[in-house]
Amino acid sequence: MPTDKVFVVMGAVSGFIGVAAGAFGAHFLKDRLAADMLAVFETGTKYQLVHALALLATAWTAVQYPHPLVRSAGWLFLAGTVVFSGSLYILAWTSVKAWGAVTPIGGLLLLAGWLSLAIGVFKA
14 MPTDKVFVVM GAVSGFIGVA AGAFGAHFLK DRLAADMLAV FETGTKYQLV HALALLATAW
74 TAVQYPHPLV RSAGWLFLAG TVVFSGSLYI LAWTSVKAWG AVTPIGGLLL LAGWLSLAIG
134 VFKA
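Each residue of the sequence shown is one higher than the last, beginning at 14 in the numbering used here.
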């Protein structure tokens with residue numbers, strides 16, 4: 014499967030999960046989590062939704078500006094979303110603070126994705 018198609022599929026799946034997680038948090042978790050943990054969960058949802066759109070944009074960009082760094086950006090967005098949002102979801106559910114130490118790794122992956130996208134388009 015071409016990389017751009019993978020990014021569209023993964024962006025759509027991530028968007029689906031992000032919307033479902035947001036609804037789950039708003040309707041099911043609001044009465045079950047402490048306010049600070051609900052805010053953590055919502056942050057994970059926001060970043061997941063933003064980066065689902067980033068994956069869709071990267072799919073288009075990979076066709077328009079075929080450069081290895083553009084493709085790398087998509088993989089970094091995907092990995093960053095899993096690590097960043099995933100660690101926040103687990104932290105909110107479990108209140109195990111150690112998961113908070115994992116979150117910055119995901120953030121660095123997301124930042125690297127944005128930088129990779131910019132440099133890849135510039136160089137293409």
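Yeah, the Cβ is synthetic: ideal placement off N, Cα and C, and Gly gets one too.
Compare the C-alpha of residue i against each of the options and name the closest.
i      : options                         : result
Gly31  : Val95, Ser129, Thr107 and Trp88 : Val95
Leu82  : Ser27, Phe29, Asp17 and Val134  : Val134
Ser129 : Gly87, Gly119 and Gly113        : Gly87
Ala92  : Gly35, Thr16, Ala33 and Gly120  : Gly120
Ser85  : Ser100, Ser108 and Ala67        : Ala67
In the DSSP assignment, find the alpha helix (DSSP H) that holds residue i and state where it starts and stops.
i     : result
Lys18 : Thr16 to Phe37
Pro81 : Pro81 to Thr107
Are there 16 or more other CB atoms within 10 angstroms of the CB of residue i, so buried, or fewer, so exposed?
i      : result
Asp44  : exposed
Gln77  : exposed
Thr107 : exposed
Can you tell me the Cα-Cα spacing of residue i and residue j, whole angstroms?
i      : j      : result
Thr142 : Lys136 : Lying outside 14 to 137, the shown extent of the chain, residue 142 is not represented and no answer is given.
Gly57  : Pro79  : 30 angstroms
Taking 8 angstroms as the threshold (beta carbon to beta carbon), is residue i in contact with chain D?
i     : result
Ala33 : This model lacks chain D altogether, as it is built from one protein chain only.
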